[in-house]
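J.: In full-length UniProt numbering, the protein residues as written are 1 to 1253.
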């Protein structure tokens, strides 16, 4: 398929289209290897091969219940994202360097990745899974933003001009994010480096000297994005005049100023170090080139002063074929950051590569070489040791590069030369000025930070600060909240580090062996883990990064107790703690339910082996056993007198006692649930919504929509609401049920709610007085971006797709929020469960289904396993027992197939909701979709019979119409009778038409009959109760079997090939188009595509298709025998738009297979009639044609109620009971009992199941 991708950002007052891409992308459909279905559990991911593409791989993932495919490799350095972390909020984090992407859109959320991930459309059919995408995107695993920006010119629009001083990581993050967020003002970057932004970490890690191999973007990218790049060094800033001056005297006025000058390497103020040659720092490409040139043919004696990360990386990079010595005053390398214990291990790794160390040593001076006095020859230590040196590399840190601001009278630098900023990197005390990266001292909100100002010299921090500042400048906050610092270092093995000990650290938890380059170290301040470092255990860093981001990092005691960070579930995973995923045994069984402590699968712990089966399949032996028992009801005393009006609901805690125990299924040993290694996991399982409740909440929330008041929301001036101001209502002391006005930031209490939630309606009073419409409930906000949003103007609950940015406007970040209260949906469901049961057609429609195949490895996400589970629950008799909750009522509790409902409903516009559905439509949804095609024989899973409607005369006093009873035989006769079709005969060309008769070619084992008892009254469909007389005893359907082609009959010849159609363009319109200068062939194509009438429509078509590859190809009218059959995938795509298959096929043929042109053709030819095309007959038709065909009624589904939108479904099943013969059994929501009114119900049934005898 040839597709255009065009990004257009609408501008408020300028006729400029800032971002566009005219790149044509060839997308094709590809099959995924060894993937048969999209059954992937929420939060799971899997890297799979793409057939037909060498090295083609994609990542399948399930984010928030939606399965999709994205690029398999991180766009930074190509790390496998399958080994990263996927959170419930849809963050996909790289395991190597912490790059983070939005799993739904592929967009960047955290540095250091600059390119987004490609996202591919996914489809499932015929037992296989396919993706649609461009081959180059699949192989490269990146979506390179090709930006075309017609930015505002610099003359006279100073307010729209951003000037950036510095050309490093922060500047790169800023300018790209500005364009991504729709900023269309001019952007100028002034950099003293003579090259575009580079991947600076590679300088010290690999000593690369070619800037083109280090460039983050080439010059073409900056030109297309309209970024002006100026090579020059800034000498001063006039904040009053809002201008920047360079050393050559040039002046650059600004509307917004961004300072991103980075760091300057420190030197030693000691004898010889400032005057001798071959003493280097390492910060720029020329620095690296000077070092490489000095090494030359190698064999050099290199002294590195400072065991910082730069110093240690330089030592590793130069040690091969050279003699390298590291000198530092510290006890061990990297002691200040990693500590003595880890530093010792790093030293051993370096020593194994021949590097020597002089630790705890002071530097005295540098002496000149005897052969060349202009160059260094030795480094003298204070203890008298002299280290011969051909060259010296200084790794003693960097200082903020702010010398040009030191004497500025407006801006006061911090003591270390940095610039103090707020969370958005705005310089404190200056308007429209920002500082990024190494020069910025900003509040840190990571673990242990508490908002303390800190300066962090990390590559990704600089880039993220640029993205954050760009969002503020463009007024497009992303709502992601704070980022956790990440860095990596090449120290003989790759070191990963995340977090920051801004307030220091006082304890270390070390697992593994540092000297073997396989360890993880956690740095703690008190009980709070503030940072971690690892080697050879990459996923632990990604996991720790996400847990820190979400505020879910385990404590020091838990980690010291042996808790594995990889066993801590990232919040949002499904927890199956209600019933077994393979049967309906639940926590109410005497043996309870075992919940896996690693993946949270629920498995029964009784006589069935499902807990052991899960443990053996997944190698997950640790389980939490949950057992619930009903509390005894004591009625000896009268209830307490109600002294105050209250609305409260009985909770599970009021009704049940719950016992918890943990065990290892492999060794049959009990574990201590209070153990710090288990306690956080156990607590998370108990507090999490069950899978059933979670899916029910999601289903109800699908009913929510946005409204005009949210879409057009105009927020007051942005400000950061302090945490202390979010504690209670503005008008009273209530500290829960608080609602934040998204328009002005006011905080008021809500209305009194069911379940005992207090409220004085002050939020409503504020909305009424101020006319502000939209508010969000603070306690319902989750890091995933869900919350209760209410529109007072609509007086209804709503959905806010921009909740993150709307909250960020008030300084509230989603990542910092924790859900502390039940949402409105959860409270409503809770009350519904307490008050009544729910009727769903699933319970009735699945009663007559046969047993599905045996279980598979992932039971909760497998449709066949869940069908088997339901069949077992209905037929085994294990659950036919009284409900212990209500011993005085003798009925069963019933089964709640929540997992099955989720699987069959996902993605369906109706069955994924909690609205009442039609039982027969559900049956068709379950059984259809077999992938077979329609031939002269039409294969289907059920038949639909029209029930004749004949009213009986109303008797005196009758208020309801009565209808004449109809026999099943009458309905079948009506279905199979001959009907006349007004079409010309392909053999004799007669126009009298022919008769069409539908009969059975084969009979199924179970015949499903849906009786249509609907009528339209005043344009409204209503149910009509017409008695259908169905025999109880077996009956024959032999008369309705087709005898096939008989000897006396002659088959119709094949349809002759159609003559090539002719197209005569409308003369006046053709003339107008040719006068405009369009070639005749293009004019004819345009007129054909737009209905051959309107020159203006044709002209618009021509402009829209000017870049089509086949625009000058001859007009193809789709005639002749050489035409190729339409691509089924394209027919399916058009079918999803609402066009039937025959018309879609004809449209594709008319337009040469171009989907976009086919859509236009369909809209311009709405009245074209397309005959169904016959396809080859199936080799082996389903069912059997053997006679006699004797059928007997086995079960039926009845609908009680007059409305087709509401009512109640029940099922009657004929069952063989021991000693009693065949009996009819009623399956209702709350009971399974012998039926006594089946004769009457048989007349008014809705779906009949007949079994062949």
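For each residue, glycine too, the CB sits at the ideal point set by N, CA and C. All figures in this text were calculated on a predicted structure; none of them were measured in a lab.
Scan the segment 370 to 427 and note each continuous beta strand (DSSP E) run of 3 residues or more that stays entirely inside, going in chain order.
T.: Correct list: 376 to 381, 386 to 388, 391 to 394 and 398 to 400.
J.: Grouping DSSP H, G and I as helix and E and B as strand, with all else coil, what is residue 1191?
T.: Here residue 1191 sits in strand by DSSP.
J.: Do residue 730 and residue 742 have their C-beta atoms within less than 7 Å of each other?
T.: Cβ distance not < 7 Å, so residue 730 and residue 742 don't count as in contact.
J.: Reducing DSSP to helix, strand and coil, say where residue 1012 ends up.
T.: Residue 1012 falls in the strand class under three-state DSSP.
J.: Just to confirm my understanding: we take residue 1084, look at its own chain, exclude 5 residues before and 5 after, and list those with CB closer than 8 Å. What are they?
T.: Excluding positions up to five away in sequence, the list reads 1063, 1065, 1070 and 1115.
J.: How should residue 897 be labelled, buried or exposed, when 16 other C-beta atoms within 10 angstroms of its C-beta is the threshold for buried?
T.: Residue 897 should be labelled buried.
J.: Would you mind reading off the limits of the alpha helix (DSSP H) that contains residue 459?
T.: Looking at the DSSP string, the run of the alpha helix (DSSP H) that includes residue 459 is 459 to 473.
J.: DSSP has residue 528 in a bridge; who is on the other side?
T.: Residue 528 pairs with 525.
J.: Between the alpha carbons of residue 1150 and residue 1097, how many angstroms are there, rounded?
T.: The straight-line gap from Cα to Cα measures roughly 19 Å.
J.: So the alpha helix (DSSP H) residue 213 belongs to, where does it begin and stop?
T.: 211 to 214 is the extent of the alpha helix (DSSP H) around residue 213.
J.: Buried or exposed for residue 647, please, with buried defined as at least 16 other CB atoms from any protein chain shown within 10 angstroms of its CB.
T.: Caution applies to residue 647, whose pLDDT of 38 falls short of 50 and renders its modelled position unreliable; the model cannot decide the point.
J.: Around the Cβ of residue 744, are there at least 16 other Cβ atoms within 10 angstroms (buried) or fewer (exposed)?
T.: Its Cβ having fewer than 16 others within 10 Å, residue 744 is exposed.
J.: For the alpha helix (DSSP H) that contains residue 616, what are its first and last residues?
T.: Counting along the chain, the alpha helix (DSSP H) containing residue 616 begins and ends at 610 to 618.
J.: Select from 686, 256 and 973 the residue whose C-alpha is nearest the C-alpha of residue 425.
T.: For the residues 686, 256 and 973, the minimum Cα distance to residue 425 belongs to 256.
J.: Specify the secondary structure class of residue 430 as computed by DSSP and reduced to three states.
T.: In this structure, residue 430 counts as coil in the three-state DSSP scheme.
J.: Classify residue 837: buried if its beta carbon has 16 or more other beta carbons within 10 angstroms, exposed otherwise.
T.: Caution applies to residue 837, whose pLDDT of 40 falls short of 50 and renders its modelled position unreliable; the value that the coordinates give is listed next. Residue 837 should be labelled exposed.
J.: If I follow the unbroken alpha helix (DSSP H) through residue 974, where does it start and stop?
T.: It spans 968 to 976 - the alpha helix (DSSP H) in which residue 974 sits, taken as one unbroken run.
J.: So that I know if they touch, is there some Cβ in chain D lying closer than 7 Å to that of residue 300?
T.: The question asks about chain D, but that chain is absent: this structure has only one protein chain.
J.: Our contact map puts residue 448 next to residue 525 with C-beta atoms below 8 Å; I'd like the distance itself, whole angstroms only.
T.: Right, their Cβ atoms sit about 5 Å apart.
J.: By Cβ distance, which residues of its chain are closer than 6 Å to residue 737, with the 5 residues on each side in sequence left out?
T.: Correct list, in chain order: 749, 750, 757 and 759.
J.: Over the uninterrupted beta strand (DSSP E) stretch that includes residue 686, give me the two end residues.
T.: Here residue 686 belongs to no beta strand (DSSP E); instead the alpha helix (DSSP H) covers 679 to 687.
J.: Which residues in the same chain as residue 950 place their Cβ atom closer than 6 Å to its Cβ, once the five residues preceding and following it in sequence are excluded?
T.: Cβ within range, chain order: 964.
J.: Suppose you measure from the CA of residue 295 to the CA of residue 375; what does that come to, to the nearest Å?
T.: Spanning the two alpha carbons is a distance of roughly 14 Å.
J.: Hey, how far is the Cα of residue 233 from the Cα of residue 406?
T.: Cα to Cα, residue 233 sits roughly 15 Å from residue 406.
J.: Taking the CB atoms as reference points, tell me whether residue 388 and residue 301 lie closer together than 7 Å.
T.: Yes, these two residues count as a Cβ contact at 7 Å.
J.: Identify, in the order they occur along the chain, each residue of the same chain with its Cβ nearer than 7 Å to the Cβ of residue 314, setting aside the five sequence neighbours on each side.
T.: For residue 314, where only same-chain residues beyond five positions count, the Cβ hits under 7 Å are 204, 282, 304, 393 and 395.
J.: Rounding to the nearest angstrom, what Cα-Cα distance links residue 844 and residue 1192 in this structure?
T.: Low per-residue confidence applies at residue 844: pLDDT is 46, beneath 50, and the placement is therefore not dependable enough to give any value.
J.: Verify whether the separation of the beta carbon atoms of residue 1223 and residue 1215 is less than 7 Å.
T.: A contact, by the Cβ cut-off of 7 Å.
J.: Express the C-alpha separation of residue 591 and residue 440 in angstroms, rounding to a whole number.
T.: Near 59 Å, if we compare the C-alpha coordinates of residue 591 and residue 440.
J.: CB residue 866 to CB residue 895, shorter than 7 Å?
T.: Going by C-beta atoms, residue 866 is not nearer than 7 Å to residue 895.
J.: What residue range is occupied by the uninterrupted beta strand (DSSP E) comprising residue 453?
T.: Segment 452 to 454, the beta strand (DSSP E) holding residue 453.
J.: How about residue 606 and residue 588: are their beta carbons less than 7 Å apart?
T.: No. Outside cutoff.
J.: If you drop the 5 nearest sequence neighbours on each side, which residues of the same chain put their C-beta closer than 7 Å to that of residue 1002?
T.: If we look at residue 1002 and ignore the five residues flanking it on each side, its Cβ neighbours are 1181, 1182, 1183, 1184 and 1185.
J.: What is the DSSP secondary structure of residue 1241, reduced to helix, strand or coil?
T.: Three-state result, residue 1241: helix.
J.: What are the complete beta strand (DSSP E) segments, minimum 3 residues, inside the segment 532 to 589?
T.: Segments of the beta strand (DSSP E) lying fully in the segment 532 to 589: there are none.
J.: Out of 336, 1075, 129 and 240, which has the shortest C-alpha to C-alpha gap to residue 502?
T.: Residue 336 is the option with its Cα nearest to residue 502.
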